[in-house]
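For what it's worth, the working numbering labels the leading residue of the sequence shown as 12, then goes sequentially. Working notes, structure below.
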Amino acid sequence: MNQNSVPPADAIGRLIQELNKLPGIGPKSAQRLAFYLLRSPQEQAERLAEAIVTLKQQIKLCSVCYNLTDSDPCALCRNEQRDHSLICVVEQPQDILAIEHTGVYKGLYHVLHGAISPTEGVGAGDVRIRELTGRMNNGTIREVILATNTNLEGEQTAMYLNQLLTPLGIKVTRLARGLPFGTELEYADDATLTRAFEGRTEL
Ligand SMILES: [Zn+2]
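Okay, structure coming up:
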């Protein structure tokens with residue numbers, strides 16, 4: 012064992028500590044995962060470690076829609092089969108996964124990476140709104156669908172975007188009220204999300 016290596020017991024402690032920082036993983040789960048990994052084959056642990064490192068090295072933001080991607084522009088923006096006159100605005104990249112899972116939408120996306128929240132000091136300049144309005148310039152955008160969460164921040168953001176985009180002559184729609192107030196899009200079920208999309212109304 013070389014001088015820098017951590018003694019085995021500490022190595023387990025360190026892993027438990029790191030796992031415990033993950034969302035939804037309490038101390039007990041962290042411990043269970045650490046001992047599971049300890050027992051698992053060497054290659055399995057290495058694949059996991061490698062996947063985490065690669066994630067941090069290769070994943071970047073698409074320079075058009077700000078979705079997470081390993082190629083720029085992302086596969087969605089590059090896809091000519093999709094309707095490039097529609098942009099669906101979401102708060103987080105996970106929301107795209109939820110919407111794509113329904114298969115109801117075939118346009119493009121724009122990820123804000125947050126929502127306007129005066130109480131938390133998040134202003135319009137702290138989310139990717141300027142980048143969204145920049146995409147309106149080429150005249151191909153026919154409709155912007157606001158799919159921000161149905162909580163206070165999401166509604167405020169939708170209202171702000173409506174005031175910003177409508178004067179540009181863009182049709183602005185909001186997902187139908189089928190989504191209960193307080194819903195985070197990524198947790199909405201397929202049927203509810205599909206209904207909300209199909210019943211979207213102009214603001
Ligand atoms: Zn993109």
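Using N, Cα and C, we set each Cβ at its ideal position, and we do this for glycine too.
When the Cα atoms are used, what is the spatial distance from Gly37 to Asn31? Here residue 37 corresponds to residue number 26 of the sequence shown, with the count starting at 1. Here residue 31 corresponds to residue number 20 of the sequence shown, with the count starting at 1. Near 6 Å, if we compare the C-alpha coordinates of Asn31 and Gly37.
Whose CA, out of Leu179, Asp94, Arg139, lies closest to the CA of Glu102? Reading the sequence shown from its first residue, position 91 is the one you call residue 102. The candidate whose alpha carbon is nearest that of Glu102 is Arg139.
I'd like to confirm something about Thr80: is its beta-carbon nearer than 8 Å to some heavy atom of ligand 1, or not? Working through the sequence shown from its first residue, we reach residue 80 at position 69. It does: the Cβ of Thr80 is within 8 Å (strictly closer) of some heavy atom of ligand 1.
Return yes when the C-beta of Leu87 is under 8 Å from any heavy atom of ligand 1, and no when it is not. Mapped onto the sequence shown, residue 87 falls at position 76. Result yes, Cβ under 8 Å from ligand 1.
Nearest-angstrom Cα distance between Leu49 and Asp137? For the purposes of this step, residue 49 is taken as the residue at position 38 of the sequence shown. For the purposes of this step, residue 137 is taken as the residue at position 126 of the sequence shown. Taking the straight line joining both Cα atoms gives about 42 Å.
Is Leu119 near ligand 1, judged by its Cβ being under 8 Å from some heavy atom? One-based indexing of the sequence shown puts residue 119 at position 108. Checking the Cβ of Leu119 against ligand 1 gives yes.
Bridge partners - Ser40, DSSP secondary structure assignment: As a position in the sequence shown, residue 40 is number 29, starting the count at 1. Note: Ser40 sits in no beta bridge, so no partner.
So, do the region 115-131 and the region 179-188 have three or more beta carbon pairs nearer to each other than 8 Å? no
Among Leu72, Pro104, Val115, which residue has its Cα nearest to the Cα of Arg93? Position 82 of the sequence shown holds residue 93. The shortest Cα separation from Arg93 among Leu72, Pro104, Val115 belongs to Val115.
Please classify Thr151 as buried or exposed, where buried requires at least 16 neighbouring CB atoms within 10 angstroms. In the sequence shown, counting from the first residue as 1, residue 151 sits at position 140. Thr151 is exposed by the Cβ-count criterion.
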